[in-house]
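One structure is given here, and the rest of the page talks about it.
Protein chains in written order, with the numbering used here: chain C, 11 to 167; chain X, 136 to 252.
If you want it as structure tokens, here you go:
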């Protein structure tokens, strides 16, 4: 996979293998990994009951976070459809969608961290000792983080 | 509870309505006083460290939400990173809640705390 900034202020992702598609398609499912304890509810737990956060704010945040995931899922699905049977292809992240992509990737990383508890830093040996699903999730999380860094550098103002 | 104790002297099964009304009014006044005191109080907006949000992102969010200059936002972000939390704004409850709502929208861990003053 290659990620290239565009002249319009967005990003173009060049898909080189079938695995690249799989990783991009995994963003939304990863974000929903902690569905039983949603991100808005977990953030709400930081507030006192008197603030009525659960009633007033959580539904709005749920809509916002859901919209970010839908946007990313649709862009990946459309791009994959456009590539036909080939594993090669590309997708574009417009400057306008930069915040949604960042938010969706963040949701995915927060959920994976909450589920697997990677911790702040990992030594290579430690990562290699992870069971296969955790190791694979850790690598995806690292990729999401790298894509977020590129978004911050080239897309998000 | 106090109303029932007061009324139990005359008739434990039928609490005196005047006492009940009096207590309700007192409770209401107490609540009003508490509410107005809370509104008049100053509130801190706190941002907490977490293992996911990128430092550059936290800086940008603080710039966006509070319109802080880059240097100030970076300094606050570093406090979050090193101390585990940072006090990023102080003021009335209503705007403080709006700021926390925005910070949650950016997926940062944030909360409110009444100032000790």
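Each residue gets a CB set at the ideal place from its N, CA and C atoms; glycine is no exception. Given the structure is predicted, the values throughout are model-derived calculations rather than measurements.
Proximity of residue i and residue j at Cβ, strictly below 9 Å
| i | j | result |
| --- | --- | --- |
| residue 150 of chain C | residue 122 of chain C | yes |
| residue 99 of chain C | residue 90 of chain C | yes |
| residue 193 of chain X | residue 224 of chain X | no |
| residue 187 of chain X | residue 120 of chain C | yes |
| residue 166 of chain C | residue 195 of chain X | yes |
| residue 48 of chain C | residue 64 of chain C | no |
| residue 57 of chain C | residue 233 of chain X | no |
| residue 177 of chain X | residue 227 of chain X | yes |
| residue 20 of chain C | residue 92 of chain C | no |
Contacts of residue i in chain X (Cβ-Cβ under 7 Å)
| i | result |
| --- | --- |
| residue 120 of chain C | 187 and 242 |
| residue 53 of chain C | 239 and 244 |
Which listed residue (the options) has its alpha carbon closest to that of residue i
| i | options | result |
| --- | --- | --- |
| residue 141 of chain C | C:29, C:126, C:18 and C:66 | C:126 |
| residue 27 of chain C | C:162, C:96, C:115 and C:157 | C:96 |
| residue 80 of chain C | C:14, C:133, C:113 and C:155 | C:113 |
| residue 35 of chain C | C:86, C:164, C:147 and C:53 | C:86 |
| residue 42 of chain C | C:69, C:76 and C:31 | C:76 |
| residue 53 of chain C | C:11, C:40, C:71 and C:60 | C:71 |
| residue 189 of chain X | C:139, C:117 and C:138 | C:117 |
| residue 249 of chain X | X:229, X:242 and X:197 | X:229 |
| residue 147 of chain C | C:60, C:88, C:37 and C:161 | C:37 |
| residue 242 of chain X | C:74, C:136, C:129 and C:128 | C:74 |
is_contact[residue i, chain C] using C-beta, thresh 9 Å
| i | result |
| --- | --- |
| residue 152 of chain X | Reliability of the predicted coordinates at residue 152 of chain X is poor, the pLDDT of 38 falling under 50, and no value is obtained from them. |
| residue 158 of chain X | No answer about residue 158 of chain X holds up, because its pLDDT of 47 lies below 50 and its placement is not dependable. |
| residue 251 of chain X | no |
| residue 239 of chain X | yes |
Closer than 7 Å at the beta carbon, the chain C residues around residue i
| i | result |
| --- | --- |
| residue 236 of chain X | 67 |
| residue 246 of chain X | 56 and 57 |
| residue 191 of chain X | 162 |
Residue-chain proximity (residue i, chain X), Cβ-Cβ < 9 Å
| i | result |
| --- | --- |
| residue 113 of chain C | yes |
| residue 155 of chain C | yes |
| residue 117 of chain C | yes |
| residue 48 of chain C | no |
| residue 129 of chain C | yes |
| residue 70 of chain C | yes |
| residue 148 of chain C | no |
| residue 74 of chain C | yes |
| residue 14 of chain C | no |
For residue j and residue i, believed in contact at Cβ under 8 Å, the rounded distance
| i | j | result |
| --- | --- | --- |
| residue 185 of chain X | residue 237 of chain X | The pair is not a contact, with the Cβ atoms about 17 Å apart (cut-off 8 Å). |
| residue 22 of chain C | residue 102 of chain C | 5 Å |
| residue 158 of chain C | residue 115 of chain C | 5 Å |
| residue 67 of chain C | residue 239 of chain X | 7 Å |
| residue 11 of chain C | residue 30 of chain C | 4 Å |
| residue 212 of chain X | residue 197 of chain X | 6 Å |
| residue 161 of chain C | residue 191 of chain X | Wrong, their Cβ atoms sit about 10 Å apart, outside the cutoff. |
Per-residue contacts from residue i into chain C (C-beta, under 9 Å)
| i | result |
| --- | --- |
| residue 216 of chain X | Simply none; closest approach about 10 Å. |
Chain-ordered chain X contacts of residue i [CB-CB under 9 Å]
| i | result |
| --- | --- |
| residue 166 of chain C | 192 and 195 |
| residue 9 of chain C | There is simply no residue 9 of chain C to check, as chain C begins at 11 and stops at 167 in what is shown. |
| residue 139 of chain C | In chain order: nothing, as chain X lies at least about 19 Å away. |
Proximal residues of chain C, C-beta to C-beta of residue i below 8 Å
| i | result |
| --- | --- |
| residue 232 of chain X | 61 |
Interface partners of residue i on chain X, CB under 8 Å
| i | result |
| --- | --- |
| residue 158 of chain C | 189 and 192 |
| residue 99 of chain C | Neighbours of residue 99 of chain C on chain X: none; closest Cβ ~28 Å, over 8 Å. |
Short CB-CB distance (under 9 Å) between residue i and chain B
| i | result |
| --- | --- |
| residue 158 of chain C | No chain B is present in this structure, whose protein chains are C and X. |
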